[in-house]
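Here the structure comes first, spelled out in structure tokens, and everything after it is commentary.
Residue numbers (the working numbering): 299 to 386.
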């Protein structure tokens, strides 16, 4: 997945769920990971280097605690692999 695809997908999910930190489902390396979006390097305020092709999506556990976090590299998320939790 590219930064642009990630950003566009997250904006649509945020709009649909009405929150900055939506619940998401990520298909990643043959595993389905569910969590609350904590931050994404595809967002302009979190982008560290505009020349770097690497970035991460950080997901919080769905439980009551805010840890542990799951860190996923955006480039390793397949196209169509990032969805809202309520989508299949």
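Here a beta-carbon is modelled for each residue, glycine too, at the ideal position from N, C-alpha and C.
Since the model is a prediction, treat every value here as computed from it, not as a measurement.
| Check | Outcome |
| --- | --- |
| Excluding five sequence neighbours on each side, which residues of the same chain lie with their C-beta closer than 8 Å to the C-beta of residue 385? | 323 |
| For residue 354 and residue 338, I'd like the C-alpha separation in whole angstroms. | 6 Å |
| What residues are listed by DSSP as bridge partners for residue 326? | 329 |
| When you compare each of 327, 314, 365 and 310 to residue 336 by their alpha carbons, which one comes out closest? | 365 |
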